[in-house]
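From first to last, the protein sequence lines are chains A and B.
Here the first sequence is numbered in numbering that gives the first Met the number 0, starting from 0 and rising by one per residue.
Here the second sequence is numbered in numbering that gives the first Met the number 0, starting from 0 and rising by one per residue.
Beta carbons are placed, not taken as given, at the ideal position from N, Cα and C, and that holds for glycine.
Structure, as structure tokens:
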Amino acid sequence: MGVLRAAAAALLLLAAPVLAAPTTSEVEAVFLFNFSQFVDWPAQAFPQPDSPIVIGVLGSDPFDGTLDDVVRGELVKGRPLVVRRFQHVEQLTDCHILFISRSERPRLEPIVQMLKGRSILTVSDLDEFASQGGVIGFVLLDNKIRLRVNLQAAKDAGLTLSSKLLRPAQIVSGEAGP
Amino acid sequence: MESVAWIVWLVGALAGLGVVSNAAAQEEASTAAALKQLSIEQLMDVEVTSVSKTRESLMGAAAAVATVTDEDIRRSGATTVPEALRFVPGLYVAQQTADSWSVSSRGFSGVNSQELLVLSDTRSIYTPLFSGVFWDVQDYLMEDIDRIEVIRGPGGALWGSNAVNGVININTKSAQDTQGGYVEAQTGTQERVMAAARYGGQIGDQGYYRIFGKFTDQDAEDDPPGASPDDWSLGHLGFRSDWKLSPADGLTAQGDFYDGKIGLVYPSVDIIGRPGPQGRLQTGVSGGNVLGRWQHELDATSDVQVRLYYDRTHRNDPSFLDDLDTVDLEAQHRFALAYHQEITWGLSYRSMNDRNEGKGVFNLMPPASRDNLYSSFFQDQLSLGAVRVTVGTKLEHNDFSGFEVQPSIRAAWTIDPTRTLWAAISRAVRVPTRLERDVAIDVTDPAGNPVAVLMGNRGFHAEELLAYELGYRWQVAPSVSVDLATFHNHYTGLASLEIGTPFVDPNTGQTVIPIVNRNLTDGRADGVEALVTYVPRTFWRLSLTYSYIDMSLEAHGMDLNRGQFAQGSTPRNQVGVRSYLDLPLGFQLDVQFRALSALRSLPQIVTGEGLSGYQELDVRLGWRLGRRTQLSLDGQNLLHNHHVEFGAPLQRSDIRRSVYGKVSWEF
Numbered sequence: 000m001g002v003l004r005a006a007a008a009a010l011l012l013l014a015a016p017v018l019a020a021p022t023t024s025e026v027e028a029v030f031l032f033n034f035s036q037f038v039d040w041p042a043q044a045f046p047q048p049d050s051p052i053v054i055g056v057l058g059s060d061p062f063d064g065t066l067d068d069v070v071r072g073e074l075v076k077g078r079p080l081v082v083r084r085f086q087h088v089e090q091l092t093d094c095h096i097l098f099i100s101r102s103e104r105p106r107l108e109p110i111v112q113m114l115k116g117r118s119i120l121t122v123s124d125l126d127e128f129a130s131q132g133g134v135i136g137f138v139l140l141d142n143k144i145r146l147r148v149n150l151q152a153a154k155d156a157g158l159t160l161s162s163k164l165l166r167p168a169q170i171v172s173g174e175a176g177p
Numbered sequence: 000m001e002s003v004a005w006i007v008w009l010v011g012a013l014a015g016l017g018v019v020s021n022a023a024a025q026e027e028a029s030t031a032a033a034l035k036q037l038s039i040e041q042l043m044d045v046e047v048t049s050v051s052k053t054r055e056s057l058m059g060a061a062a063a064v065a066t067v068t069d070e071d072i073r074r075s076g077a078t079t080v081p082e083a084l085r086f087v088p089g090l091y092v093a094q095q096t097a098d099s100w101s102v103s104s105r106g107f108s109g110v111n112s113q114e115l116l117v118l119s120d121t122r123s124i125y126t127p128l129f130s131g132v133f134w135d136v137q138d139y140l141m142e143d144i145d146r147i148e149v150i151r152g153p154g155g156a157l158w159g160s161n162a163v164n165g166v167i168n169i170n171t172k173s174a175q176d177t178q179g180g181y182v183e184a185q186t187g188t189q190e191r192v193m194a195a196a197r198y199g200g201q202i203g204d205q206g207y208y209r210i211f212g213k214f215t216d217q218d219a220e221d222d223p224p225g226a227s228p229d230d231w232s233l234g235h236l237g238f239r240s241d242w243k244l245s246p247a248d249g250l251t252a253q254g255d256f257y258d259g260k261i262g263l264v265y266p267s268v269d270i271i272g273r274p275g276p277q278g279r280l281q282t283g284v285s286g287g288n289v290l291g292r293w294q295h296e297l298d299a300t301s302d303v304q305v306r307l308y309y310d311r312t313h314r315n316d317p318s319f320l321d322d323l324d325t326v327d328l329e330a331q332h333r334f335a336l337a338y339h340q341e342i343t344w345g346l347s348y349r350s351m352n353d354r355n356e357g358k359g360v361f362n363l364m365p366p367a368s369r370d371n372l373y374s375s376f377f378q379d380q381l382s383l384g385a386v387r388v389t390v391g392t393k394l395e396h397n398d399f400s401g402f403e404v405q406p407s408i409r410a411a412w413t414i415d416p417t418r419t420l421w422a423a424i425s426r427a428v429r430v431p432t433r434l435e436r437d438v439a440i441d442v443t444d445p446a447g448n449p450v451a452v453l454m455g456n457r458g459f460h461a462e463e464l465l466a467y468e469l470g471y472r473w474q475v476a477p478s479v480s481v482d483l484a485t486f487h488n489h490y491t492g493l494a495s496l497e498i499g500t501p502f503v504d505p506n507t508g509q510t511v512i513p514i515v516n517r518n519l520t521d522g523r524a525d526g527v528e529a530l531v532t533y534v535p536r537t538f539w540r541l542s543l544t545y546s547y548i549d550m551s552l553e554a555h556g557m558d559l560n561r562g563q564f565a566q567g568s569t570p571r572n573q574v575g576v577r578s579y580l581d582l583p584l585g586f587q588l589d590v591q592f593r594a595l596s597a598l599r600s601l602p603q604i605v606t607g608e609g610l611s612g613y614q615e616l617d618v619r620l621g622w623r624l625g626r627r628t629q630l631s632l633d634g635q636n637l638l639h640n641h642h643v644e645f646g647a648p649l650q651r652s653d654i655r656r657s658v659y660g661k662v663s664w665e666f
């Protein structure tokens, strides 16, 4: 034990900070925040020039407060960011980015249908989300989160996606809605 | 005595107790802030862990870890858990008959291999009879498995005496992730039918549940089938519900119930020269379990978890009747300390009540036994900047070998975000089983004089392993990753059957020649395991696995059961190649190829002779029609009409080429 302790002490001196792996929802929360910077909404999506960008979570919230921490105090293009939670799609009022939780899987088609024509960037980690009319799907591959983007769905929603977002993403065709 | 012409074939499997993967220290508050500094490209290269409890990333873990994801399971076409494990480096999976499997890690293969711990949603799949897993009753709706984590080597589990050579954690999806309806049906040349249905719904705002049922009816492997075919059928009902009671409290309740009939090609217990069961051999199996788990977050860096389960298994084998009731309660607590330390400790109690009634030759004395297991563990993980050191020990008391201490020290050096070097030294034990303690079988004519009796030995102690491991993980490029692990295992006191001192039984006047298990075999194993993953395009993924093992066992006694032959019972070289390809219009083409070198010797065969190596190929064509419907056509073991994988000639089946079609529909 004495030897181990000495070794540990020696390592302590050499040490430099490092981060352990984040959880899926932590990285997804940061992605949602990033999307607010790389997406342009039509002007009429905001009532006021300084109206907040609303990030909605529909269904069971997987973020455990991480999303609130990520956006707290941030300003994007002069707009603050707020997080709102919705249990049902009918409750959706002002919303710019909507994360659709896995709990909404059985209701996905009516949800996509109801959001049609609204300027909402829909995001989800449900299977095949982007090819089923969602705008951005998170796909877990080799423990990394990849993006799949449905350009037609983005266009239908009147959203302009920056090339910084599109370049690393996989573009899927998929019909714009069910 | 020179004609000790008997053999005991005991078909069991392996198991253990235990729970919970390593939790690692985490700079909680700064994680999100650090991630926000990354570009979209960099974010896409961040390795994530799906389990909030298991903070340790695979990249940074100081152990040989691999994960089989739900995607891997779907695309491998696996219909059972052992099949899904075929491409995990360091594991050796062999199908002996339609329903019996040998799943082993780093050697000691056999359908009753005992050096591996298997947990299903933190419930140990254990029979203290052989300390083995009966894989034939480990049934899952494969769609509902979230991931299978495999940790090779000891010390990967905080709990458990049987985690000598590895731990397999099977985790099912949270009920929240299986909402809505789902049905699947499958039929083919081997599967007469496999059908399952599941429904998931919501209870209030924060509760989710699913219920499911599954029925499998599988054809025999041997062609033509012998007098006792290995066809089998199993029905399974289950549920799981997950509740978010408050932002800090999560509750899970789940359960399973099953009933089936398992065909055997050969009696599971056979003593040459003594009459065994005749004719059609079938084991009636049934059982169930209920489990509750409560997790409470005290603050950002500390949490507690309490888990309780009850498990019942019933096995009506042609050679014995076995009933086992298990109750297991455990609690664990994780918290942070000064100087970047994270402490995890826990306590658990398990009671196993086993009743075994031999039919004919098989006999345990006493037939019923209640055995208690008290365990605890303590581990301290220190984050010394780029180096994390984990020091810990398990301490347990069991009714078989008393107190057991299993310490380990592990260190992982994150050289940079793409490279990790790790090393570990650990001691682990495999505790004796009821078979080694309580067995009482006459191996010669019971009326003869003298009579040889296979007897339990209360002086038999735990088998010991001292393991040295070294590994390296390297994200060579965003599309290429390499994971290497090496080990040197040193075993002492492995079980061997020996002749004890003869004595006269005062009741019968017979001279008894006792045959007992003693700890007279030592050995070592060295190996290398590699996993290379290459993703040339977002729609194409390739992986290569390679496993090498060199094992040598030295019997210092007579080793009557030829346990020494286990040194050759795992292929020295195993290679696996997989390709997952996404095609347009929702098609997927998945190919997996495996090549295994020969088994040089098998203790299951009287002469110890081995089996030649083999190569096999599986191909799957999947087609997704919209979000709801998936079709697939799966060909397994396509290269040969049939091949053998494991076991003695009379005890194994020829594994046939098979093709099945599957349709699944969500609503």
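Pick from 297(B), 260(B), 451(B), 585(B): whose alpha carbon is nearest that of residue 286(B)?
Here residue 286(B) is taken as the residue at index 287 of the second sequence, counted from 1. With distances taken between Cα atoms, residue 286(B) lies closest to 260(B).
Pairs of beta-carbons, one from the region 452–462 of chain B and one from the region 475–492 of chain B, closer than 8 angstroms: are there three or more?
The answer is yes - the region 475–492 of chain B touches the region 452–462 of chain B, with three or more Cβ pairs under 8 angstroms.
Classify residue 213(B) as helix, strand or coil using the three-state DSSP reduction.
Residue 213(B) sits at position 214 when you count from the first residue of the second sequence. Residue 213(B) falls in the strand class under three-state DSSP.
Count the C-beta pairs between the region 256–274 of chain B and the region 302–309 of chain B that are closer than 8 angstroms, then say yes if the count reaches three, no if not.
Not touching, per the Cβ criterion.
For residue 155(A), decide whether its Cβ has a neighbour in chain B, counting only Cβ atoms nearer than 9 angstroms.
In the first sequence, the residue the question calls residue 155(A) occupies position 156. Cβ-Cβ to chain B under 9 angstroms: no for residue 155(A).
Counting pairs of beta carbons, one from the region 408–424 of chain B and one from the region 98–105 of chain B, are three or more of them closer than 8 angstroms?
With the cut-off at 8 angstroms, the region 408–424 of chain B and the region 98–105 of chain B do not touch.
Where do the ends of the alpha helix (DSSP H) carrying residue 73(B) lie?
The residue you call residue 73(B) lines up with position 74 of the second sequence. Start and end: 69–75.
Looking at chain B, which residues of the region 101–116 of chain A have a Cβ within less than 9 angstroms of any of its Cβ atoms?
Against chain B - using a Cβ distance shorter than 9 angstroms - the residues of the region 101–116 of chain A are 101, 102, 103, 104, 105, 106, 107, 108.
Mapping the DSSP letters down to three states, classify residue 16(B) as helix, strand or coil.
Counted from its first residue, the second sequence places residue 16(B) at position 17. Reliability fails at residue 16(B), whose pLDDT of 22 lies under 50, so the model's placement of it is uncertain and the value that follows must be treated cautiously. Three-state result, residue 16(B): coil.
How big is the Cα-Cα spacing for residue 643(B) and residue 134(A)?
Reading the second sequence from its first residue, position 644 is the one you call residue 643(B). Reading the first sequence from its first residue, position 135 is the one you call residue 134(A). So the alpha carbons of these two residues sit roughly 50 angstroms apart.
Using a Cβ-Cβ cutoff of less than 6 angstroms, which residues in the same chain neighbour residue 499(B) once the five nearest sequence positions on both sides are dropped?
What you label residue 499(B) is simply residue 500 of the second sequence in a count that begins at 1. 513, 515, listed in sequence order.
Is residue 593(B) helix, strand or coil by DSSP?
Your numbering for residue 593(B) matches position 594 in the second sequence. The answer is strand: DSSP assigns residue 593(B) an E or B state.
Buried or exposed for residue 202(B), please, with buried defined as at least 16 other CB atoms from any protein chain shown within 10 angstroms of its CB.
For the purposes of this step, residue 202(B) is taken as the residue at position 203 of the second sequence. It counts as exposed.
Is residue 119(B) helix, strand or coil when you go by DSSP?
Mapped onto the second sequence, residue 119(B) falls at position 120. Correct three-state label for residue 119(B): strand.
Considering only DSSP beta bridges, list what residue 393(B) is partnered with.
For the purposes of this step, residue 393(B) is taken as the residue at position 394 of the second sequence. 376(B), 405(B), per the DSSP bridge assignment.
If you draw a straight line from the C-alpha of residue 157(A) to the C-alpha of residue 40(A), how long is it?
Translated into positions along the first sequence, residue 157(A) becomes position 158. Translated into positions along the first sequence, residue 40(A) becomes position 41. Rounded to the nearest angstrom, the two C-alpha atoms are 7 angstroms apart.
Report yes if the C-beta distance between residue 197(B) and residue 114(B) is below 9 angstroms; otherwise report no.
Position 198 of the second sequence, counted from the start, is the residue given in the question as residue 197(B). Position 115 of the second sequence, counted from the start, is the residue given in the question as residue 114(B). Not in contact: residue 197(B) and residue 114(B) (Cβ atoms no closer than 9 angstroms).
Rounded to whole angstroms, how far is the Cβ of residue 586(B) from the Cβ of residue 620(B), which I believe are closer than 8 angstroms?
Residue 586(B) sits at position 587 when you count from the first residue of the second sequence. Residue 620(B) sits at position 621 when you count from the first residue of the second sequence. Yes, they are in contact, since the Cβ atoms of residue 586(B) and residue 620(B) sit about 7 angstroms apart, within 8 angstroms.
Assign residue 253(B) to one of two classes, buried (16 or more other C-beta atoms within 10 Å of its C-beta) or exposed (fewer than that).
Taking the second sequence and counting its residues from 1, the one referred to as residue 253(B) is at position 254. Looking at its Cβ environment, which holds 16 or more other Cβ atoms inside 10 Å, residue 253(B) is buried.
Which two residues bound the contiguous alpha helix (DSSP H) that contains residue 46(B)?
Indexing the second sequence from 1 puts residue 46(B) at position 47. Per DSSP, residue 46(B) belongs to no alpha helix (DSSP H) and is neither H nor E.
Would a C-beta distance cut-off of 9 angstroms place residue 128(B) and residue 168(B) closer than the cut-off?
Walking along the second sequence from the start, residue 128(B) turns up at place 129. Walking along the second sequence from the start, residue 168(B) turns up at place 169. The answer is no: Cβ separation not under 9 angstroms.
Please report the straight-line C-alpha distance between residue 70(A) and residue 27(A), rounded to a whole angstrom.
The residue you call residue 70(A) lines up with position 71 of the first sequence. The residue you call residue 27(A) lines up with position 28 of the first sequence. Taking the straight line joining both Cα atoms gives about 12 angstroms.
Starting from the beta carbon of residue 31(A), find every residue of chain B whose beta carbon is closer than 7 angstroms, and list them in chain order.
For this step, residue 31(A) is matched to residue 32 along the first sequence. Simply none; closest approach about 11 angstroms.
Are the region 531–543 of chain B and the region 573–592 of chain B in contact at 8 angstroms, needing three or more beta carbon pairs?
Yes, the region 531–543 of chain B touches the region 573–592 of chain B.
Could you list which residues in chain A have their beta carbon closer than 7 angstroms to that of residue 44(B), in chain order?
Counted from its first residue, the second sequence places residue 44(B) at position 45. Per Cβ cutoff of 7 angstroms: 143.
How long is the line joining the alpha carbons of residue 52(B) and residue 249(B), rounded to whole angstroms?
As a working note, residue 52(B) is residue 53 in the second sequence. As a working note, residue 249(B) is residue 250 in the second sequence. Because residue 52(B) carries a pLDDT of 38, less than 50, the predicted location of this residue cannot be relied on, and no value is offered for it.
Going by DSSP, what residues sit across from residue 619(B) in a beta bridge?
As a first step, residue 619(B) must be located in the second sequence, where it is residue number 620. DSSP output for residue 619(B) lists 589(B), 633(B) as bridge partner(s).
Quick test of the definition: if touching needs 3 or more C-beta pairs under 8 angstroms, does the region 80–95 of chain A touch the region 112–132 of chain A?
As far as the Cβ criterion goes, the region 80–95 of chain A touches the region 112–132 of chain A, which means the pair count is three or higher.
Using CA coordinates, which residue listed in 101(A), 77(A), 123(A), 23(A) is at the minimum distance from residue 51(A)?
Along the first sequence, one-based indexing puts residue 51(A) at 52. It is 77(A).
Taking Cβ positions, are residue 324(B) and residue 351(B) nearer each other than 9 angstroms?
Numbered from 1 along the second sequence, position 325 holds the residue referred to as residue 324(B). Numbered from 1 along the second sequence, position 352 holds the residue referred to as residue 351(B). Cβ atoms of residue 324(B) and residue 351(B): closer than 9 angstroms.
Return the bridge partner residues of residue 183(B) from the DSSP annotation.
Stepping through the second sequence from its first residue, residue 183(B) is reached at position 184. Paired residue(s): 195(B), 663(B).
Quick one: any contact between the region 645–660 of chain B and the region 182–192 of chain B, if contact means 3 or more CB pairs under 8 angstroms?
Cβ pair count under 8 angstroms is three or more, so yes.
Should residue 89(A) be flagged as near chain B, meaning a C-beta pair shorter than 9 angstroms?
The count along the first sequence starts at 1 and reaches residue 89(A) at position 90. Not closer than 9 angstroms to any Cβ of chain B, the Cβ of residue 89(A) fails to qualify, so no.
Tell me the DSSP secondary structure of residue 220(B) in three-state form.
As a first step, residue 220(B) must be located in the second sequence, where it is residue number 221. Residue 220(B) falls in the coil class under three-state DSSP.
If we define contact as Cβ-Cβ less than 9 angstroms, is residue 208(B) a contact residue for chain D?
Among the protein chains in the structure shown, which are A and B, there is no chain D.
Where does residue 247(B) fall in DSSP's three states?
Walking along the second sequence from the start, residue 247(B) turns up at place 248. Looking at residue 247(B) - three-state DSSP - the assignment turns out to be coil, as it is neither helix nor strand.
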